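In our numbering, the protein residues as written are 1 to 122. Each residue gets a CB set at the ideal place from its N, CA and C atoms; glycine is no exception. Please read these numbers as outputs of a predicted model, since none were measured by experiment. First up is the structure itself, then whatever we jot down about it.
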């Protein structure tokens with residue numbers, strides 16, 4: 001896997017796991033790979049995955065059953081909150097990028113409408 005050098009790897013991996021939960025690729029209550037298995041799959045240091053797992057558990061995205069493994073939250077509400085937070089990040093980054101390019105809010109809205117119309121046709 002190729003990582004973006006501008007964002008810490010552990011955050012990128014957390015976002016991958018969160019997107020997999022939101023998209024349904026990982027199901028609520030599902031047992032996930034161990035830190036070691038994830039580290040091998042993603043070709044990262046096992047300590048990076050330990051940090052990912054600790055942060056996900058701290059955020060309530062996962063929980064651990066001692067001696068059994070790590071599981072995805074069973075809370076649909078948590079997933080909805082996570083989905084909205086990630087959407088807000090995408091929107092914030094979009095707005096920041098468009099402002100840097102010199103667009104005003106009206107132009108942004110016009111471009112979004114145009115793009116949505118194109119998507120509806122496809």
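Item: Three or more beta-carbon pairs under 8 Å between the region 87-103 and the region 57-68, yes or no?; Value: no
Item: Let me check understanding here. Comparing Cα to Cα, which of 10, 113 and 70 lies closest to residue 43?; Value: 10
Item: Per DSSP, which residues does residue 72 bridge with? Please list them.; Value: 62
Item: Within 10 angstroms of the Cβ of residue 87, are there 16 or more other Cβ atoms? Answer buried if so, exposed if not.; Value: exposed
Item: Going by CA-CA distance only, name the one from 6, 33, 4 and 2 that's closest to residue 17.; Value: 33
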